[in-house]
Structures are given as C-alpha cells and as structure tokens.
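Written out below as structure tokens is the structure these notes cover.
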Amino acid sequence: MPVITRDQVRVPLDVAPDRREVYVDNYLKATRNSGRLMLFACDQKFEHLNADFHGEGIDPADNDPEHLFRIARQGTCGVLAGQRGLIAQYAADYPELNYLVKMNSKTNLVSTKQEDPFSALLSDLESVLILRDNGVNVVGLGYTIYLGSEYESTMLADAGQLIAQAHAEGLIVVLWIYPRGKAVANEKDPDLIAGAAGAALCLGADFVKVNPPKPAAGTSAEALAVASEAAGRCGLVCAGGSTVDAPTFLSQLHEQIHVGGACGNATGRNIHQRSLDEAVRLTKAISAITLDDASVEDALAVFEGSKEYERQA
Amino acid sequence: MPVITRDQVRVPLDVAPDRREVYVDNYLKATRNSGRLMLFACDQKFEHLNADFHGEGIDPADNDPEHLFRIARQGTCGVLAGQRGLIAQYAADYPELNYLVKMNSKTNLVSTKQEDPFSALLSDLESVLILRDNGVNVVGLGYTIYLGSEYESTMLADAGQLIAQAHAEGLIVVLWIYPRGKAVANEKDPDLIAGAAGAALCLGADFVKVNPPKPAAGTSAEALAVASEAAGRCGLVCAGGSTVDAPTFLSQLHEQIHVGGACGNATGRNIHQRSLDEAVRLTKAISAITLDDASVEDALAVFEGSKEYERQA
Amino acid sequence: MPVITRDQVRVPLDVAPDRREVYVDNYLKATRNSGRLMLFACDQKFEHLNADFHGEGIDPADNDPEHLFRIARQGTCGVLAGQRGLIAQYAADYPELNYLVKMNSKTNLVSTKQEDPFSALLSDLESVLILRDNGVNVVGLGYTIYLGSEYESTMLADAGQLIAQAHAEGLIVVLWIYPRGKAVANEKDPDLIAGAAGAALCLGADFVKVNPPKPAAGTSAEALAVASEAAGRCGLVCAGGSTVDAPTFLSQLHEQIHVGGACGNATGRNIHQRSLDEAVRLTKAISAITLDDASVEDALAVFEGSKEYERQA
Amino acid sequence: MPVITRDQVRVPLDVAPDRREVYVDNYLKATRNSGRLMLFACDQKFEHLNADFHGEGIDPADNDPEHLFRIARQGTCGVLAGQRGLIAQYAADYPELNYLVKMNSKTNLVSTKQEDPFSALLSDLESVLILRDNGVNVVGLGYTIYLGSEYESTMLADAGQLIAQAHAEGLIVVLWIYPRGKAVANEKDPDLIAGAAGAALCLGADFVKVNPPKPAAGTSAEALAVASEAAGRCGLVCAGGSTVDAPTFLSQLHEQIHVGGACGNATGRNIHQRSLDEAVRLTKAISAITLDDASVEDALAVFEGSKEYERQA
Amino acid sequence: MPVITRDQVRVPLDVAPDRREVYVDNYLKATRNSGRLMLFACDQKFEHLNADFHGEGIDPADNDPEHLFRIARQGTCGVLAGQRGLIAQYAADYPELNYLVKMNSKTNLVSTKQEDPFSALLSDLESVLILRDNGVNVVGLGYTIYLGSEYESTMLADAGQLIAQAHAEGLIVVLWIYPRGKAVANEKDPDLIAGAAGAALCLGADFVKVNPPKPAAGTSAEALAVASEAAGRCGLVCAGGSTVDAPTFLSQLHEQIHVGGACGNATGRNIHQRSLDEAVRLTKAISAITLDDASVEDALAVFEGSKEYERQA
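Chains as they are written, first to last, in the numbering used here: chain A, 2 to 314; chain B, 2 to 314; chain C, 2 to 314; chain D, 2 to 314; chain E, 2 to 314.
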C-alpha cells in the first residue's frame, strides 16, 4: 500500500504561506495519500450533453444525474470532477466525497469544422470558495485547454490566472489539455502530447490530463513515458476514452502507469454507463491499480467481485 | 392541495449560509408552496417587440403594458417574469406580485440565418437588488441560453456566474435554454432537449424552461420524461408556445406534468393576448393543474367560469 | 398652463430611496413642471460632424458651438442635450440651463452599408456626476440604441446598466432608439417603432425618442398613438428630423402630441440652423405647444413674434 | 509679448474643484502663459519606427533618442510630447521640461489598406500620475483618434473617458484627430477637418491637433478658420507634416494662426531631423510666432541666428 | 572585471519612490553588477512545445525540465527566464537563482500564415508577487510583442501597462520584440529591428531582445549598432537563435557586444540542448564575454574546460 507522507508533498511556491497546510491536505485527499490521482470524470454531463448518459448500450440508471454520486459514494475514487452547479445541487447529500470543480465547459454542438473550440469559465473562483465555506470538500479545480485552437490564447490566459488564484487558496489544479483546431493535423501525435504536458507544467498545474498518444512506432505507453518526463513535476494522467471492456481498460491503465509513467487516471464513461453495482466494482478495480499498485489480474478479480478492495490510507 | 414544507426545500450549497432562509422563502413564494412553478412570461414584450401584443387576433388591451400586471393581480400565478425596467416602472402599484427578473434579452430583428443568436445581460445583479431593497418582491432571476450558438460560450459564462451570485443572495434562478444556431439542425430533437436540461443542472439552475420535444416515435410528453429525469434536481418546465385553444393547451400541460415529469409551466402569449377577464380565468385554470393537480376537466371548468379556483397555500 | 405636482411624478423603483426627491426634482426641471419634455438636441455636433452646422442654408452663426447655448438661454426649452465634454466647456457661463448628457455617440463616416451601426459610451456615469458636483444642472442622461444592428446586444447591455445606475442616482434617462442595420428593411415601419417604444419601457427608460412612423395606411400620428400606448409609462417623444418650414413643423408636433399621444419633442437642426433670433422664437413656439398646450396658430404667432410666450411654471 | 493671466484661463467644469489651480498651472505652463500651444511632437519615435530618425536627409544625431531632450532643453517649446516610457527613462536628467504624455500609439506596419487603424492605450492614467508624483512636470495627456475607422468607437470611448479622468486630476488634454479608414475618401476634406475639430470639443479636449485642410477653392488657412471656429473653446493646432524648408514652414504657421485662427502648432520631424543647433534655432523661430506674435521675417531671423529670441513669460 | 556601482544604475521615474532601492538591487542582480544581461531563455518549453527539448541532436537530459535548473545552478547566468508556473514548481529547490518571469506565451501550433500572432498574459503581476513574497528571487518580468501583427495593439497595451506596474514594484522588464505578421515582409530588416528597439524604449523597457538584423550591405553587428543607439537607455540584447557550434556562437556574441553595442545576450536552445556538463561550460563562456569582456579565445577555452571562469562581482 504506497503511502506518501505530508512532508513528501511538494508545495509549489505560488501557494500562499498560510495555505501550505491546506494544499497538502487537498493533495493528500485527492490522491488518497498515494501521490496518484483517481479522477472520476462527470463533467461530460455538460460537454457531451445527454448522449453519454442515455441510449443504446447505456444502463438506464445513468440518465439520473444522482447515479454519478451514488457510484462515487459506494465505489472508490480520489475526486469526483463536475461543474460547480452539479456539485452545489447534490453535495449536501454526499458530503464525504472529494470534489474537483470543472471550471470551464462547452457543449459539443458546434463542431471543430465550423469553428475552432473554445471553452469558457462558468464562474469565478470566489463562487467555488462559497461551496467550500458551506462545507463541501472542494480539493481542487479543473480547466480544459484546446491547444492549437485559434482561441488558445484566451484559454491559456484563463488557465494561467486560475492556477495562480487556486494555488493561492491552497487548491490543486488539474488541466485537461487537448490539441484541437484547424492547425492541428494529428491530435494524438506523441510530440504534441509531450508538448501539451510541458505546457501544463509551465502554467503551474499539479496534474495534466491528456489523451493517450498514438506513435508511428512503439507502443502508446512508451510514447507516454516521454510526455510524463516532459511534464516534470506536473503529474500526467490519461483520459479513459470511450467505453471498452474491462480487461482491456485495466491493462491499458496498468501500462500507462508502469510503462508510461502516468500518475493516475481520469475515467468517466467507462464507469458511469454501467449499472450501479458494476460501476462501483470498476472504480475499485481502477483504484486498486492506481492507488495500490495492484496487478491487472488482481484488479480484474476486484471488478468481477471475486476479490475485495478498499483503499486503506 | 399539494403543499411542501420549509424543510422539504432543498437548498443548493452555493446559497450563502445566512441566506438559506431567504432562499427557502423565495422558493416557496415562487411555487406557491407547491414545489411547482407557474411562470407568467412577460419578457416577450422585448424579445418579440410589439408583434405579440398588437394586431390581428390579439385583444386590444394587450397593447398597454399594464395589461400584464392587471392579469397577474386578478389571476393566479407564481411569478411574473419580465425585464428589470418593466418591473421598476410598475411594481410600486403592484407590490403584492412575485417578480422574476429576466436578466438578458434580445430582439428578433437579426435572424439566426444572418447571425447566430446572442442575448446580453441588461444589467448586473446589484441593479436588481436595489429593486428588492425598495420593497419589490424579487424572488428570482431568469436567463436565456441559446445552446449551440457560436456565442454559446459567453452565455454559458454569464449564466454560470449569475447563478452563483443569485444563489449567494438567496434568489432562485430559471434558465430558458433553446438550442439554436447554424450548428443546430433540429431544435426540438429529444436528445438535445434532454441535454439542455442536464446542462441547466450542471450550471446550478433551480428550474429550466425548454421547448416541448418532438420525438420521431412516441409522444412529446414521453420524450419530455427523459429530459425531466436528466435534469435531476433542476425542475423542468415547458414553454407555452404560440396561442392555441384552451382545451388543447390545458391537456398538453396536464400531460407534461403527469407523463413528462414537468415541474410547472411558463406561459406568455396564451395568456396575455386575451381580454383581461379571459386571461385571468386562464391563469387560474393553469394554476389549478400546476399547483393543485386538478384534472383537465376541472381546469376547463375554471377557465369557462363554471368553477371557482383560488390557490390556498 | 398644465402643471403637475411633485406627488404626481411616478418614481421608478430602481431609484435609490434617498434619491427619490432628487429624481422628482430632475423630472420636474426637465419637463418644466409639465410632465412633457422639450428637448433641444445638440448632440449632432458630434453625430453629423460639421455638416449640420455650416454650409448652404445654414445661418453662419451655427458654426460657433456657443450658438447652441445662446439659443437655450434666450429661448425656452426643457433640457439641452449634448455630449459631456461640450457641456463641461460651456456650462460655467450658462449655469441656469438644464443639461441632459448624451452618453454615447458615433460619427456618420462609416455607413450602415459598410458596417452595422454601433455607438460607444464616451465616459462612465462617475464622470458625469463630477459635473453635477461642480454645480452643473445635470438632470438626466441620454443613450442611443440601434435596434436590429449586429451590435444591438452591446448597446442594450450598456443602456440597461446605465439606466439602473442613473436611476440609482436620481437622474432621468432618455433613450434614442432607431431600428437600423442589415436586418432592418424599413426603419419607419409602425410595428417596429412601437416595438422600439416597448423595448425602451422594458429597459426602464423615462422617455424614448423615436422617428415618426410611416404607415401604409392612416396618418403618422395615428400610427404613433399605437407606439405611445405600447411605451406604457415611458414617455414617447418624436425626433424633429431635417429642417422644414415652421408651420409644417409646428402642425406635425401638435398632431404628434394630441393625436399620437407623444409626451414632448426632441428638436435639433430645425432650431439651431436658424439665426439666433429666429431660433429663439422657434424654441418658444415649440414650448408653447409642448408645455402649454397652445394651438398651432398661437404657436405660429409666437414664432412670428406677434405673440409673447414664457413658460411660467 | 502676449500674456494671459490666471483668471483668463477657462477651467472646464469636469476639473475637480480641488484641482482647479493645478489645471490653471498646467494650462499656463503648457502655453508658456500665452494661451497658445507650442508642442514638440516626439511620439513618432514609436509611430513611425526608426524611419523618421535615421537615414538619408536626417542628421545622424537624430538616431539617439536623447537628441529630442537636448533640443527641448536648449530650444523653446511649450511641451515635449512623447510616450510614458520614453519620458520615464530621460526625465530625471531633464527635470525642467514640460511633458505631455502621449497615451496611445500604434506602429505604421499594418497599412490602412490591410486593416482600419486602431491605436491602443499604452497605460492607464494612474501610471502617468506616478511620474508626476516622482517630480516629472506632466502637464497633460495626448491621445490619437482615427475618425471614420471601423475601430472609431473604441478610440472615442477611450478618449472620452481619458479626458474626464485627466481633467479630474487637473491635467490638460490634446487630441490628435485624423479621419482615416476605408470610409474616408479624402482625409484633408475641409468639412471633415472641421467636423473632427467639433468632435474634439464635444469630447471635452483642451486642444485638438488636425492636419491642414486642402480645400477645392481658397487657401488652406481660410478653410482652417472654419474648423477653428467649429472647435469653439477647444484650441486648434496644426500638424507640421513632413520636413520642408524653414521659410515655407514658418510662413504656413503664421497663416494658420493669423488667418486660420489656430491656437498654436505641433511640430516633430521638421525640428528633430536637423542638427542640434539648427533644431534649437527652429524651435525658437516657431515659438516667436506662436507665443509672441512675431512676423515671419523676424522668426526667420531667429532661425538664421541673426536675432535673439527667448520667451519671457 | 567590469563592475557598476549602485549609483551608476539609472532608475526610471516610474519606479515608485519607496522601491528605488529594490529596483537597483534587481538591476544589479540581473546583470551581476556588470550592467550587462546574460539571460538564460527557458520559456521555449512552452513556446516551441517539446520540439526543442527532445529528439534528434538534443541531449536526452533536456526532456526533463529540471535540466534547465541544474544548468543554471552549476553554470553562470544573470537570470533564468521562464513562465510563472515552471518557476513555482522548481524554485523551492533552486532558491539561489535569479528569475525573470515570462508573462505571456503562445504555442507554435497556429502558424502566422493561418493567423497573425498574439501572445496572451498568463497571469497578472499580483500572481508573480506571491512568488517573491514566498522567497523566490524574482528580479524582473519578460513580455513578447509581435510588432506588425494585427493584434499588435493588444500586446502594446499589455506591455505598456505591465512595465508601468513592474517598475512601480521595483522589477526590471525585458521585452522580446519580433516584427511578424502579414504586414511584415522581412522580419530581419535592419530599419525594422532598429524601430523595434526604439519602440521598446518608448514603452519604458529596461532591456529589449531582438533578432540579429540581416542588412543588405555591411555586417549584422554593424546594423545592430544602429538599433542599439536607437534603443537609447533601453539595453539591447540579441536572441541566440537555433543551435550552432560554440566558436561561431561566441564570435557572434562578441561582435554583437563590441561592434553592435549590445548590452548582453539571451540564449536558450544553444545551451539546454547540450548535456549538463557542456551546457554549464557554455553558460560560463557566454558570461565571460558578456559580463567580463573576455576575448573569444578565452571564452572558447572556458567552454572547452581549459580555463576556469567564475563571475566574481
């Protein structure tokens, strides 16, 4: 059971002196004392509208937004990531969860072909701090940047300022960085993914979520290792992508961490499109790998219910 | 007579601690202690210019803006929704009404074909709070989002921030969400309407007003049920649309609530284009269904004047 | 001599409680205790550049900007409307005049064909209040909206916020609303003019200046009556337009008020393009009709100098 | 030796009451107690990049920016106009000069053909006041407006607000107004120049710098007289334009003042492209005409060194 | 060993009076008491994404961002220039270094052909001052302007304001100015480079980094001398450009300083693409020339390890 101690947490120097302990608390909560992040991505309720939550191949339970909170409660994860409003409406009944407030969002209606992507801040930091003042476990913020978009500069400016403000308050920040727009020929190009990871570091993020690279030669995990190193002190986590079968999903995750140097995972659809019971077991299997260095086989046993898992630290 | 009690009101966690009771008061006032919203939409005085208020098939009384206030006084509704300026000019003479300030508006002059729609904030929240300080019963705010417009991001940002600020002050918020713009092929697509409802939840709204979906198969009310569930803790209400005969209108409303899971209604033209007497009776018939679970037959009797109706709670 | 008393002035509820008496003072000053507005429009010094002030058919005196102030001093009007800077440079020598500060302006160089019209705020309200603090009789503000322009949303937002701020300070607000832009086929369409009048009310304006409608059937004044009613508690005044002979001008004004329900007039070129003496007599003739319900004949006698006129209240 | 006294200075009513004496001081300093402005324009160091300061026909001394300050020290002028940064770097060594801070600037790289001109504020007023607090003789501000540009509205808004703020602090303001852009067929059209002068007055400027008009009939100075009158209480000064021989230059200046009603001059290249000695003599010749009503012959004698000149007041 | 004393530092007059000593400290630290700047440019981690840090011809060590800090610690330089976030994540372990925070950045994904370049501020100054409060040696700020871009005005406005604010806090400012965009035919045109240098002065910068000019006749260093003079009291430094062999690089640098009048250098790729040991030796060779007026031969000996170098002052 890998455990990091308070003094192993590196506190960036833009954290205000009187918020250093708050930052350490938040970092340890978000990583469940492991230094690795298991992020349950619920922000696509907005980003993908209802297509990810209702229809063919999706468990009917997923149409009710409370499904997300039930999974998080019964399963194991580091943070539930969602928009401020979603959290505000449910957190009173789920006070024990750690929340990461996704600060910007866009729908998928306007295609990249019509217009380069831009995702606007849905509120300022002050509006998030009210949640914290009201007892919500807000441990950090999330923000999406479409690198290479013609609106890149606005998103970089928003993200840079947000990170500075969040750190000043002792919150951690996760950047979602996706190269996208007319200028981007290949969104999964390994050099581009590594560049995105480095950009996240330069902006001061604590974690960066990227898509798995697709190299011309070698495995995705090998290419990911370059990006993880380029990210330096910013932990890199991979997006889960569309729903695949559990063995494939867990094997990929294991490779991303142990070959690719990833510092965790960020998973949404793969979890919430399942029934409550199955989804809960998947969060435990994922956490077994991410937080406790379980093998793929052990994690699969957790998913199949033949093995118990509970994060102890 | 369905009545909800103070402790049944779910207060979102972005309401400032010292404004929780204010929020509960406003929620109960707006819903007349029913948990359902009967919204009298008067904002089209601006949005549709004078076409909805004067001309063929419209009672001459409707050209005088005071007609709206007279209907609300003599009839039964939860809130009168209108722009800040309209309310400021008449509320001194109609102090007993509940007002919902429609914060943004646009005219219908520039067509979607010419330019994707955008509706700008007409004032900040502070300017609304002055009304409240002056004794106006401002219980909440309204804001329109054209989802899928190329200006979606600005409206999402404005709405997200507005909801945070309004909740901090104990006001409720109703979002009008209409998918519209070059990117939107079918504005009444059921998946899109459900997505819009979910987006309203993620932004933290208390109620969302959508157009009734037009499904390829099944009834509109059945499709609406999916959207209502996707909206989670955000109550969904349907727009009334253009003027139809009262029996049709009341039947649709009954189905929206009892099949579609709607939490109320938002009606404008169907009410105010009639003479004062007829309009007053229609608000009572609508309220009988919305607030008191009346049958369509009983509601029609109220509209025809053969049955009395007064909300008691 | 029509006179309204202090308690007949309806104070909008966005006027701050401690500024109610200031608002009443300003309303009575601007309307010379009549409830009707005689607005001397001097803002075209900026809007039309020098074309309205120098050249063929214009009295040479009009090239000197002080001509405007001399007319206002010797003649009779409710307010002199002009840009903040113009007033700042002359008001020390004309302290007895009532001023309405025109807050936004554009030149006529960029045609509507080249670009839809937009008129930007030339200063904030604070900069106007300094004038008041320095003893200038600033009774209100003016703002122009080009309804239907692609920049409509910015002007609506500016106007809405400005009205809220001005009322909070006890100032009255006059909106100039002109439908204009690629989306507007007929700027004088009666429905459109009536819609503009209603929009001004929704924004909370005290007066709205519109162009006289040109109906397909009936007189302009008859069409104006619909707009006046649609404006509700927002007083409607008509723009004077280009210079015509005095009898025609005074007849039109009389009809606008007594048939069209107008609450006054807004006149510029018709006045200042004349010699000082003639201009002074015209302001008195206009005021005789607007403020004192004079007949056209009596007003013409005032213009021709055969009858004395002085507003007593 | 024309001298105006303190009580002859008209203080605009947007000057804060406790800054009236500061304004009078600044006005008298800038005009050297003459009421006329001799402005040494050094802002083209930025606007024209190095083309005006180095190359064929330009004295080599002009490539060193300190040349500008040396001329101002040894010569005679009212104000040295330059960007905030330039002044900040040299003023410690030239504390006796009067400075006018040019608040906005653009380079000449993007042509009007490519894009209509816009010139952005390089800092806010607060940053200028620090200079004053540090002992720099900042007597006023300058701002350029390209009237008729598609970006006109932003420049009008910036200028209007800047003038209000500057006056509130007791600073004078000089506007440079050049009609330019796709909408402007003839930048030197006399009506347009007169309109620009009137616009400067409406914005509240103390002085306006325009290009000399080119009338179809009559002299430029005669056409200028119309503009000077249209500017009212805003003093009009003419731009010097490209370098011409001294007799031509001084004759034109004399006519601009005595026929055209100009209130001074604004000269750059004609001065600084010469050697230090020659440039110094030219500032004295210009000042002899502008400040002391010298004849062209006397001014030429000053330029040629055969006559002494020193402003006494 | 060239040394300047405290009283030889010219403090611009926009430095707040109580920050003059801070400015002197920062100036002396950044220039290692030499008056010349040896800037180690690490900002391309963001600007060029990972292409400058990984791949063919680049030492593998360069993929780890900490490589940059290791070089700076073991080598000799005036400041390490990098984005705020990068510095925040590493400075706790490298407290002895002087940092220059690069305030704006863009990626290289959107080409100039697709869109004229714009680089947005990644945070405000306050967020940088937190670093200083936390003990980081922030001696100054950097900002990039693409002169001639259609977005030039926004960058000029940001830079102008930033310089004013930074000076008020006692920080020095380095501008990177690159003429670029559709309007710029030849980015290395000597007149343009000289103009850029003069623009930096007018904005108030302490140093300006430009690309070496490519004159039609004469050497680059001779052309640079014109630019250095045009920059006046703003020290000019040259960008290092892409990696070349050390003798060529050091010869060019020597010429830039001793012929071209440069005040230092700004070097990135030439240093960090090498192994730690080689990179360290190169920083010392560069510093020997820049800070201690070493000959090319001596500097080469330092690079080759046959000669010791340590800046003493």
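Note that CB positions come from ideal geometry on N, CA and C, so glycine has one too. What you are looking at is a predicted structure, and each value in this text was computed from that prediction instead of being measured.
- Message: To the nearest angstrom, how far is the alpha carbon of residue 169 (chain E) from that of residue 76 (chain C)?
- Response: Spanning the two alpha carbons is a distance of roughly 54 angstroms.
- residue 106 (chain D) vs residue 44 (chain D) beta-carbon contact at 8 angstroms: Yes; because the gap between Cβ atoms is below 8 angstroms, this pair is in contact.
- Residues near residue 32 (chain E) by beta carbon distance below 7 angstroms, same chain, minus five either side: 38 and 79.
- Item | Whole runs of the alpha helix (DSSP H) within the segment 222-248 of chain C, excluding any shorter than 4 residues | Those alpha helix (DSSP H) runs which fall completely within the segment 222-248 of chain C and span 4+ residues do not exist here.
- Query: Per DSSP, residue 146 (chain C) is paired with what?
  - Reply: The beta-bridge partner set that DSSP reports for residue 146 (chain C) consists of C:178.
- Message: Output needed for residue 319 (chain E): all residues of its chain with C-beta closer than 7 angstroms, excluding positions within five of it in sequence on either side, in chain order.
- Response: Residue 319 (chain E) lies beyond the residue range present for chain E, which begins at 2 and ends at 314; the question has no answer from this structure.
- Query: Hey, how far is the Cα of residue 89 (chain B) from the Cα of residue 176 (chain B)?
  - Reply: Taking the straight line joining both Cα atoms gives about 21 angstroms.
- Task: Would you please verify whether the beta carbon of residue 165 (chain C) is less than 8 angstroms from any beta carbon of chain B?
- Result: For residue 165 (chain C), the nearest beta carbon of chain B is closer than 8 angstroms to its own beta carbon.
- Exposure label - residue 210 (chain E); buried when at least 16 CB within 10 Å: It counts as buried.
- Query: Per DSSP, residue 173 (chain A) forms a beta bridge with which residues?
  - Reply: According to DSSP, residue 173 (chain A) shares a beta bridge with A:141.
- Query: Is the distance from the Cβ of residue 172 (chain A) to the Cβ of residue 139 (chain A) below 8 angstroms?
  - Reply: Yes, they are a contact pair.
- Which whole-angstrom value is the C-beta distance of residue 213 (chain A) and residue 257 (chain A), which I expect to be below 8 angstroms? Taking 8 angstroms as the upper bound for CB-CB distance, residue 213 (chain A) and residue 257 (chain A) are in contact here, some 7 angstroms apart.
- residue 274 (chain A) at chain B interface by Cβ criterion, 8 angstroms: It does not; no Cβ of chain B falls within 8 angstroms.
- Cβ of residue 85 (chain A) less than 8 angstroms from any chain B Cβ? Judged by the 8 angstroms Cβ criterion, residue 85 (chain A) is in contact with chain B.
- Buried versus exposed, by CB contacts within 10 Å (16 or more), residue 230 (chain A): Counting Cβ neighbours within 10 Å, residue 230 (chain A) comes out buried, since at least 16 surround it.
- Query: Do you know whose CA, among B:102, B:117, B:216 and B:40, lies nearest residue 144 (chain B)'s CA?
  - Reply: Taking only the C-alpha atoms, the option nearest residue 144 (chain B) is B:102.
- Cβ of residue 198 (chain E) within 8 angstroms of Cβ of residue 232 (chain E)? Closer than 8 angstroms, so yes.
- Task: Below 6 angstroms CB to CB, which residues in the same chain sit around residue 191 (chain D) once its five sequence neighbours on both sides are set aside?
- Result: Closer than 6 angstroms at the Cβ level, and outside the excluded window around residue 191 (chain D), lie 214, 216 and 224.
- Task: Determine the DSSP secondary structure at residue 47 (chain B), reduced to helix, strand or coil.
- Result: Helix, per DSSP.
- Item | Sequence-distant residues of the same chain with beta carbon closer than 8 angstroms to residue 188 (chain C), five excluded per side | 179, 180, 181 and 212, listed in sequence order.
- For residue 34 (chain A) and residue 166 (chain B), the rounded distance between their alpha carbons: Near 35 angstroms, if we compare the C-alpha coordinates of residue 34 (chain A) and residue 166 (chain B).
- When A:74, A:118 and A:121 are compared against residue 99 (chain A), the one with the closest alpha-carbon: Ranked by Cα distance from residue 99 (chain A), the first of A:74, A:118 and A:121 is A:74.
- Query: Quick one: is residue 253 (chain D) near chain C, going by C-beta distance under 8 angstroms?
  - Reply: The beta carbon of residue 253 (chain D) sits no closer than 8 angstroms to any beta carbon of chain C.
- What are the boundary residues of the alpha helix (DSSP H) that residue 70 (chain C) is part of? Note, residue 70 (chain C): alpha helix (DSSP H), 67-75.
- Message: Closer than 9 angstroms between beta carbons: that is the criterion. Which residues of the segment 163-187 of chain C meet it against chain D?
- Response: Among the residues of the segment 163-187 of chain C, none has a Cβ less than 9 angstroms away from any Cβ of chain D.
- Tell me whether residue 268 (chain D) sits in a helix, a strand or coil according to DSSP, three-state version. Here residue 268 (chain D) sits in strand by DSSP.
- Under a CB-based cut-off of 8 angstroms, is residue 9 (chain D) close to chain E? At a cut-off of 8 angstroms between C-beta atoms, residue 9 (chain D) does not count as an interface residue with respect to chain E.
- Message: Classify residue 61 (chain D): buried if its beta carbon has 16 or more other beta carbons within 10 angstroms, exposed otherwise.
- Response: With fewer than 16 other Cβ atoms within 10 Å, it is exposed.
- Do the segment 246-255 of chain B and the segment 297-312 of chain B meet, that is, are 3 or more Cβ pairs less than 8 angstroms apart? By the Cβ test, the segment 246-255 of chain B is in contact with the segment 297-312 of chain B, since at least three Cβ pairs between them sit closer than 8 angstroms.
- Query: Using DSSP with H/G/I as helix, E/B as strand and the rest coil, what is residue 306 (chain B)?
  - Reply: Of the three classes helix, strand and coil, the one that applies to residue 306 (chain B) here is coil, per DSSP.
- Query: Out of curiosity, what's the CA-to-CA distance linking residue 4 (chain D) and residue 41 (chain D)?
  - Reply: If you take the alpha carbons of residue 4 (chain D) and residue 41 (chain D), they lie about 21 angstroms apart.
- Query: Which of the three DSSP states, helix, strand or coil, is assigned to residue 64 (chain C)?
  - Reply: Secondary structure of residue 64 (chain C) (DSSP, three-state): helix.
- Task: Can you tell me the Cβ-Cβ gap for residue 151 (chain C) and residue 151 (chain D), rounded? I've got them flagged as a contact below 8 angstroms.
- Result: Approximately 13 angstroms separates the beta-carbon atoms of residue 151 (chain C) and residue 151 (chain D); this is outside 8 angstroms, ruling out the contact.
- Query: Expressed to the nearest angstrom, what Euclidean distance is found between the alpha-carbon atoms of residue 72 (chain C) and residue 269 (chain C)?
  - Reply: Their Cα atoms are separated by approximately 11 angstroms.
- Query: Which residue or residues does DSSP assign as beta-bridge partners of residue 105 (chain C)?
  - Reply: For residue 105 (chain C), DSSP records a beta bridge to C:122.
- For residue 46 (chain B) and residue 53 (chain B), the rounded distance between their alpha carbons: One C-alpha to the other measures close to 7 angstroms.
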